[in-house]
Amino acid sequence: MKSLFSLLVHFSISLVSSLRPLNLFIIILTQTLTSVFLLDNPLCISKLFKIIIKNNCTDFYFFVLATVLSAAAGYILNNIFDRKIDLINSPKRGLFTEKNLSFLCFLSILFFGIALFLSFLISLQIGIYVFLSIALLIFYAKYSKKIGILKPILVSFLTSFSIILVGFLASFDSSILYCFAIWAFLLSMLREFIKDFEDLEGDSSQNSFTSVIHLGKRNSILFLNFLSILLILSILISVFISTNTILNSVHKMVMIILVGIFLFLLNNKQFHSSNKPYKKLSLFCKIMMLVGILGMMVY
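Per the numbering used here, the very first residue in the sequence shown carries number 194; after that it's consecutive.
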């Protein structure tokens, strides 16, 4: 019989894992780099470890925390609603059992509540934006397996909107900010489709209606090709609407090369005959997203 301590440790590890800490870290990194490099606001880093009063820097911390808590609460809710499917797609995940649901629901509500409180502290406008984002997260958690292609569109919109909101917070308008928001949208679309390919077995067994089931495997591959080409075109177009330096030109070339590799793997039959090809493509999408985010430092 397991000791209480070992059960608590196992529960804590499972809980942290379910919150997808890598994704939460990417959110923090994205919004921080957006503020510092795209919006030229280094104040928020220089005062990070100082006692500060209410100002734009404090607002930024509150906003990032509100975004992270909202995302974490959304992950918890999503896992609650998808727990039966996860038994097939992710059998090692044992946290979301019936006896834990009440606590997990409470935790999700608590995170959403704190996020709303912090966002309304910043301003009424930001509070309303965060409230609407939370409403979309709840809708996504409950209906993500029933809304077909709307699922990746919704996730991608929220991803890109989290970048644009940093600009709203600073009352800053910039063409490169919208370029990164568009790239974030398209990269998220790619990854969400790949994730639906990964989960196809479990989703099919539960009569789900995801993007891949909605379009079919062949049409989904064609759509991924279209999105990839659109992403390359959007990077090329950005050359003409933003200031170009050697470093950010190199970043754009690297991104185009990475998307080209993704296209090659996506359409390579030999790659698809390997073990878990969509899991590898999902990891490659994360690499592309990380390279895209880090590229903010050279703009």
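Glycine is no exception: its CB is placed at the ideal position from the N, C-alpha and C atoms.
Under a CB-based cut-off of 8 Å, is residue i close to chain B?
| i | result |
| --- | --- |
| S301 | Absent here is chain B; the protein component of the structure consists of one chain. |
Between residue i and residue j, what straight-line distance do the alpha-carbon atoms span, to the nearest angstrom?
| i | j | result |
| --- | --- | --- |
| S435 | S421 | 21 Å |
| L358 | Q463 | 42 Å |
| L424 | I375 | 8 Å |
| A400 | L393 | Contrary to the premise, residue 400 reads as Asn rather than Ala in this sequence. Those two C-alpha atoms are separated by around 10 Å. |
| P251 | T260 | The amino acid at residue 251 is misidentified as Pro; the sequence shows Thr. Going by the C-alpha atoms only, they are around 14 Å apart. |
| N495 | R276 | Since the first and last residues shown for the chain are 194 and 492, residue 495 lies out of range. |
| T403 | N468 | 23 Å |
| T438 | G485 | 16 Å |
| S205 | V432 | 46 Å |
| I220 | M482 | 11 Å |
| Q224 | I428 | 20 Å |
| Y336 | S295 | 20 Å |
| F571 | F218 | Here the chain comprises residues numbered 194 to 492, so residue 571 is not present and cannot be evaluated. |
| S207 | H465 | 31 Å |
| V452 | L215 | 22 Å |
| T352 | I346 | 10 Å |
| L475 | L383 | With the sequence shown as reference, residue 475 is identified as Ser, and Leu is not the correct amino acid for it. Distance between the alpha carbons of S475 and L383: 9 Å. |
| L370 | I321 | 21 Å |
| F299 | I273 | 12 Å |
| F242 | L311 | Because F242 sits at a pLDDT of 43, beneath the cut-off of 50, its placement in the model cannot be relied upon, and the point is left open. |
| Y471 | I450 | 19 Å |
| I246 | K473 | Confidence at I246 is low in this model, with a pLDDT of 41, below 50, so the placement of that residue should be treated as unreliable; the coordinate-derived value is given next. When rounded, the distance between both Cα atoms is 46 Å. |
By alpha-carbon positions, which one of the options ends up nearest to residue i?
| i | options | result |
| --- | --- | --- |
| A334 | L226, C250, K479, G267 | G267 |
| L325 | K473, I340, L309 | L309 |
| F455 | M489, N437, I414 | I414 |
| I430 | L417, N418, L476, M446 | M446 |
| K410 | S263, A264, E391 | E391 |
| V257 | V323, K388, H444, F350 | V323 |
| A363 | Y492, F354, F253 | F253 |
| N412 | N460, L212, S211 | N460 |
| L329 | I307, H444, F354, L311 | F354 |
| L222 | L487, Y492, F350 | L487 |
| K344 | R213, N441, N271, L426 | N271 |
| S368 | P470, Y492, I449 | Y492 |
On the DSSP bridge assignment, give the partners of residue i in chain order.
| i | result |
| --- | --- |
| T403 | G341 |
On the premise that residue j lies in contact with residue i, defined as a C-beta separation below 8 Å, what is that separation, rounded to the nearest angstrom?
| i | j | result |
| --- | --- | --- |
| L408 | I340 | Not confirmed; about 13 Å, so no contact. |
| I269 | L297 | 6 Å |
| K479 | D396 | About 21 Å separates the two Cβ atoms, so there is no contact after all. |
| F305 | I327 | 5 Å |
| L417 | F378 | 14 Å between Cβ atoms; not a contact. |
| F230 | M489 | 5 Å |
| Y348 | S381 | Note that residue 348 corresponds to Val in the displayed sequence, not to Tyr. Confirmed, Cβ separation roughly 6 Å. |
| T227 | I356 | 6 Å |
| F373 | I315 | Not quite, the Cβ-Cβ distance comes to about 22 Å (not below 8 Å), so this is no contact. |
| L262 | I319 | Rounded, the Cβ-Cβ distance is 14 Å, inconsistent with contact. |
| A265 | L303 | The pair is not a contact, with the Cβ atoms about 10 Å apart (cut-off 8 Å). |
#### Entry: Complete beta strand (DSSP E) runs within the region 302–341 (minimum length 3 residues, chain order)
none
### Message
Give the list of continuous alpha helix (DSSP H) stretches no shorter than 4 residues that lie fully inside the region 438–477.
### Response
Counting only runs of 4+ residues, the alpha helix (DSSP H) found wholly inside the region 438–477 occupies 439–459, 462–465, in chain order.
### Task
Could you name each continuous alpha helix (DSSP H) segment of 4 residues or more that falls completely within the region 360–432, going from the start of the chain to the end?
Along the length of the region 360–432, whole alpha helix (DSSP H) runs at least 4 residues long occupy 368–391, 393–398, 404–408, reported in chain order.
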